[in-house]
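Chemist: Sharing a structure, written as structure tokens. Questions coming.
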Amino acid sequence: MSNNLRLLHSEGGQSPWLDNLKRSYITSGHMRKVIDSGIRGLTSNPSIFQKAIQGSTDYDVQFSELAKAGKTAVESYWEMVIKDIRDALELFHPIYLSSDRQDGYVSVEVDPMLAHDTEGTTRAARHLDQNVDRPNVMIKIPATVEGVSVIREMISEGRNVNVTLIFSLERYADVIEAYISGMEALAKSDPSRLSHVASVASFFISRVDVEVDKRLAALGTPGADQLLGTCAIAQAKLAYKLFTTSFSSPRWNDLAKLGARVQRPLWASTSTKNPLYPDTLYVDQLIGPLTVNTLPDPTMEAFADHGTIERTIDADVEAAEATWEQLKKLGIDMSNVAAQLEQEGVDSFQKSFQELIAALEQKLETL
């Protein structure tokens, strides 16, 4: 295996994180090998935990003990999740220290059933952060309309946040504003905490191409065909442009002088869904300083084997802008695309959570 994952960080300025977690990765020593290969952080979500818990017997002993203690299925879910998260946090803690708190984070998502409940998400995010009680945990909060104000509140309290399910430039701008205004509030209440707060904004990639390609194919025109497989990368390049502009403003510089760190863009959903596209497409084309790419196992292995290390995220931005204009001319409503994908993302996580809880409830009846 090549040294690509390490070079991605040392030469490309990008931090590769793993987008997966299951107990066997920790108990078998696999996670240590992954870290040794160059992975610098980890993300999880309800769908990942559904596959982990339902797909193995690794959790049976703990679940039986929790059942004997009178825990409900939901309470047991969180106990099992938090154990995995804490164990992973311990493994990544040396990176957290050696990187001066830039990397070494493990993300855990709030209850997905609260995605459209501002007050509920606020309470859940606080409780989850306090329950995990580790400096390198990131609490994942969806970038729904209802979630944006929660992001600001959590940042103002000095908590680490991974903002998930971002699908549009407009919502990304809202997320950046929530982060900066949250940091401004923290600067007033406890400026010494600014340098300890970390956040990433998770911009989803491949799902955008899947949906837009479908709409372009339905048009069936030569102009539409030429844009197939280009929209997600174009949007990411425009998002990075927004990132660099927002975090070089006088307003941000005032916070930076107090030790504040930028909220890094994180490229999520970077596995290639279309088999006609290169399997490292959404890594190779999104490399640049102060970014994160969270990789599913196959994408991590593919990039480690044959990925290309080259700064690409801010190359050909004019072409990305032209692509964006062409989509508008063709009648592709990107606001509609984003709204659809956000709802599908929320629905997917909620479905995974509900199915797992139902399976645990059934299992409780047999114990």
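Under my numbering, the first residue of the sequence shown is numbered 10, with each subsequent residue one higher.
Even glycine gets a Cβ: it sits at the ideal position worked out from N, Cα and C.
Quick caveat, the model's predicted, so the values are computed rather than measured.
#1: Check whether the Cβ atoms of methionine 89 and glutamine 71 lie closer than 8 Å to each other.
#2: From aspartate 183 to valine 157, what distance separates their C-alpha atoms?
#3: Below 8 Å, can you find three or more Cβ-Cβ pairs linking the stretch 198-206 to the stretch 297-307?
#4: Give me the residue from Arg132, Ile322, Leu178, Arg216 with the minimum Cα distance to glutamate 162.
#5: Mind checking who valine 209 pairs with in its DSSP beta bridge?
#6: Is the stretch 75-85 touching the stretch 44-55, taking contact as three or more C-beta pairs under 8 Å?
#7: Taking all protein chains shown into account, do 16 or more other C-beta atoms lie within 10 angstroms of the C-beta of asparagine 29, making it buried, or fewer, making it exposed?
#8: Roughly how many angstroms lie between the CA atoms of asparagine 12 and threonine 289, to the nearest whole one?
#9: Taking the alpha carbon of alanine 134 as the reference point, which residue from Glu166, Asp67, Gln111, Ser107 has its own alpha carbon closest?
#10: Looking only at its own chain, which residues have a Cβ that is under 6 Å from the Cβ of serine 208, when we skip the five neighbours before and after it?
#11: Who are the near neighbours of proline 298 in its chain, counting only those whose CB is closer than 7 Å to its CB and skipping five residues on each side?
#12: Can you give the Cα-Cα distance for aspartate 126 and glycine 354, rounded to whole angstroms?
#13: Let me know if leucine 106 comes out buried or exposed under the rule of 16 or more other beta-carbons within 10 Å of its beta-carbon.
#14: Which residues share a DSSP beta bridge with proline 25?
#15: How about isoleucine 185 and serine 255: do their beta carbons lie closer than 8 Å?
#16: Kindly list the residues whose CB is nearer than 7 Å to the CB of serine 24, restricted to its own chain and excluding five residues on each side of it in sequence; keep chain order.
Modeler: This is what the structure holds:
#1: The Cβ atoms of methionine 89 and glutamine 71 sit closer than 8 Å to each other.
#2: C-alpha separation (whole angstroms): 7 Å.
#3: When Cβ pairs closer than 8 Å are counted between the two stretches, the stretch 198-206 is seen not to touch the stretch 297-307, the count staying below three.
#4: The residue with the shortest Cα to Cα distance from glutamate 162 is Arg132.
#5: When DSSP reads this structure, valine 209 sits in a beta bridge with Asn171, Arg273.
#6: Output reads no: the stretch 44-55 does not touch the stretch 75-85.
#7: Buried.
#8: Cα to Cα, asparagine 12 sits roughly 15 Å from threonine 289.
#9: The residue from Glu166, Asp67, Gln111, Ser107 with its alpha-carbon nearest to that of alanine 134 is Glu166.
#10: Closer than 6 Å at Cβ, skipping near neighbours: Val170, Tyr188, Gln272.
#11: Counting only Cβ-Cβ distances below 7 Å, and skipping sequence neighbours, we find Gly22.
#12: Aspartate 126 and glycine 354: Cα-Cα distance of roughly 16 Å.
#13: Burial state of leucine 106 is exposed, judged by a 10 Å Cβ sphere holding fewer than 16 other Cβ atoms.
#14: Asn302.
#15: Using a Cβ distance threshold of 8 Å, isoleucine 185 and serine 255 count as a contacting pair.
#16: Contacts found: His18, Arg49, Gly50, Asp112, Val301.
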